[in-house]
Every structure is written in C-alpha cells, then in structure tokens.
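Following the numbering used here, the numbering of the sequence shown begins with 571 at its first residue and continues without gaps. Ideal Cβ placement from N, Cα and C applies to all residues, glycine included. The model shown is predicted, which means the values in this text are computed figures rather than measured ones. Report on one structure; see the data block that follows.
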Amino acid sequence: MRVEVYPGKEAVVDFDPSLTFECVDDCTWCCHHGVLLYEQDFLELADRESLAASTASFQGRDFVRRETKPDDHPHTGEDGMACVFLGADGRCQLHAEYDWKPTRCSVFPLEVTVEDGDIHVGIRGEAHDHCDGLDVSERRVVDHLEAFLPELLWELDDPTTKIEL
571 MRVEVYPGKE AVVDFDPSLT FECVDDCTWC CHHGVLLYEQ DFLELADRES
621 LAASTASFQG RDFVRRETKP DDHPHTGEDG MACVFLGADG RCQLHAEYDW
671 KPTRCSVFPL EVTVEDGDIH VGIRGEAHDH CDGLDVSERR VVDHLEAFLP
721 ELLWELDDPT TKIEL
C-alpha cells in the first residue's frame, strides 16, 4: 500500500493499516539501543548537548552513546545499559528539555528500508516481542506517518534505519 506522507513523498507501507501505536509509561525498550545520528541530527544535537559526552563513532557513523546505568536504574536493557539521555524517570532528557529527538527515535518502532528506489516502512521484527505500545490505543500508525517519518528521510541517500551500534 502506497501512502503519501508529505506532498509528493510516498512510502510503501509493509504493515497492517489497522496497526495502532502509542508510547506507554515505563516501556523505554527503544532507549536500550544505540541511536544512529544522521548528519542533520548530529548538527542539531551539537546545538543542544556536548557531542564528546553524548556520542560515539563506529564504522564511520555517529551514534548517541549508550552507557551503563546505576544498578538501581529501572530502565535498562539486559546488559544494564541504555541511551545516555534516558533518565531514571524513564523520560528522554532531550525530548523533555528541548522537545526534540533524533530521527531514529521518531521512527521507532518502525523500520525504514529502500527497495527499488522506494522507501518501505514496516515494523521492526523485535518490536512485536518488546514494544508495549503496539495495538494499545486508537492512534493508527498509517494515519500519523508524518509523526514517525521526518522529512529528513527523503533527503538521505540511504534512509535505512536498522543499523546497530
């Protein structure tokens, strides 16, 4: 199913159009991963926070750094790590303080791939097992794709989002 996300910018939707999503309190599963920063995200983060303290480079790409959280931190992955910006209250400090988040964070739990020049949007496979926000509200993903897929993705040579640190 092709959906116009922005005027003249279409995506091929590879998920059930009745799927709903809304972030739920205390989930934070998406914050347990390294977050790829596209160049514009990197520059916008630099306007807000110290890049030396908050980013890491791996194989020529920039990521928001993951860090080991204190033992009493309630929101970590199985390895005790999470995004450097994830607070003990389960909130993203970037989003709370600046009302901004990197593109990859906006995309979660969706996955963007490119096939034959078309942007395809699906659900990350592991999200079905870990993301508590799927199918818990009336907010249909297909009706709100612009909230998940920033226009920046159409400007990138390769907007593929499933790249792990």
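Top-ranked residue by Cα proximity to residue i, from the options
| i | options | result |
| --- | --- | --- |
| S707 | P587, R572, E592 | E592 |
| V682 | D642, D713, G657, W724 | W724 |
| A717 | S620, R636, D595, T673 | T673 |
| D727 | G647, K671, C597, E685 | E685 |
| V538 | D688, W670, K671, S624 | Shown here, the chain extends from 571 to 735; a query on residue 538 therefore has no answer. |
| D702 | V582, E637, R572, D596 | D596 |
| W670 | G660, H643, P720 | P720 |
| V594 | D713, L621, H700 | H700 |
Cβ-Cβ distance between residue i and residue j below 8 Å
| i | j | result |
| --- | --- | --- |
| V605 | C662 | no |
| H665 | C601 | no |
| A626 | R618 | no |
| D584 | H690 | yes |
| Q610 | L722 | yes |
| R694 | T590 | no |
| D641 | L607 | no |
Boundaries of the beta strand (DSSP E) in which residue i is found, first to last residue
| i | result |
| --- | --- |
| R710 | Looking at the DSSP string, R710 is not in any beta strand (DSSP E), and its letter there is neither H nor E. |
| C675 | Premise fails: C675 lies in the alpha helix (DSSP H), 673-677, not in any beta strand (DSSP E). |
| E681 | 680-685 |
| F580 | In the sequence as displayed, the identity of residue 580 is Glu instead of Phe. Run containing E580: 579-583, per the beta strand (DSSP E) assignment. |
Cα-Cα separation between residue i and residue j, rounded to whole angstroms
| i | j | result |
| --- | --- | --- |
| L735 | F628 | Residue placement at L735 cannot be trusted, given a pLDDT of 47 that sits under 50; what the coordinates show is reported in the next sentence. Roughly 7 Å between the two C-alpha positions. |
| A616 | H603 | 20 Å |
| K639 | G650 | 6 Å |
| C675 | Y668 | 14 Å |
| G657 | H643 | 8 Å |
| V573 | A581 | 5 Å |
| P577 | P729 | 18 Å |
| M571 | E648 | 36 Å |
| A697 | A622 | 30 Å |
| T598 | D659 | 10 Å |
Enclosing alpha helix (DSSP H) for residue i [first to last residue]
| i | result |
| --- | --- |
| Y668 | 663-668 |
| R572 | Element bounds for R572: not the alpha helix (DSSP H) but the beta strand (DSSP E), 572-576. |
| L722 | 722-725 |
| A616 | 609-616 |
Bridge partner(s) assigned by DSSP for residue i
| i | result |
| --- | --- |
| S627 | D632 |
| E696 | BP columns for E696 are empty, so no partner. |
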